[in-house]
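These notes concern the structure reproduced below.
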Amino acid sequence: MNIPFINAILRYLQGDGAAILPEMELVLFGLGILLIDFWIEQKDKYWNAGLALAGTIFSAFTILRLRGAIAARGDLLGFHDSVVVDP
Numbered sequence: 002m003n004i005p006f007i008n009a010i011l012r013y014l015q016g017d018g019a020a021i022l023p024e025m026e027l028v029l030f031g032l033g034i035l036l037i038d039f040w041i042e043q044k045d046k047y048w049n050a051g052l053a054l055a056g057t058i059f060s061a062f063t064i065l066r067l068r069g070a071i072a073a074r075g076d077l078l079g080f081h082d083s084v085v086v087d088p
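For the sequence shown, the residue numbers in my numbering are 2 to 88.
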């Protein structure tokens, strides 16, 4: 299946977006937690902690994957060399 929007996002995440992907994941999880906190009842607020933990785990997994890519190449540069991810 060839969906141009999805292909553009994947191309971005394999290039410059990889340098800030863990930070983007944490921001998106944080925004999701704020939205869910607004909609759920007081007795269901325990979901916020679970979602925060899930966001942290996903970000840690992404960092571990990036470390493998960085070890193979040396370092990871993005946004015209203004962001450097060190090994």
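Glycine included, each C-beta is placed from N, C-alpha and C at the ideal position. These numbers come from a predicted model, not from an experiment.
Count the other CB atoms, across all protein chains shown, that sit within 10 Å of the CB of phenylalanine 30; report buried if there are 16 or more and exposed otherwise.
With 16 or more other Cβ atoms within 10 Å, it is buried.
Can you give the beta carbon distance from leucine 22 to leucine 14, rounded, assuming they're within the 8 Å contact cut?
Contact holds; Cβ gap of about 6 Å.
Just mark alanine 72 as buried or exposed, buried being the case when its beta carbon has 16 or more other beta carbons within 10 Å.
Exposed, because fewer than 16 other Cβ atoms sit within 10 Å of the Cβ of alanine 72.
What does the alpha-carbon distance come out to for the pair isoleucine 4 and arginine 12?
If I take the Cα positions, the gap works out to 12 Å.
Output the distance between the C-alpha atoms of isoleucine 58 and alanine 70, rounded to the nearest integer angstrom.
The straight-line gap from Cα to Cα measures roughly 19 Å.
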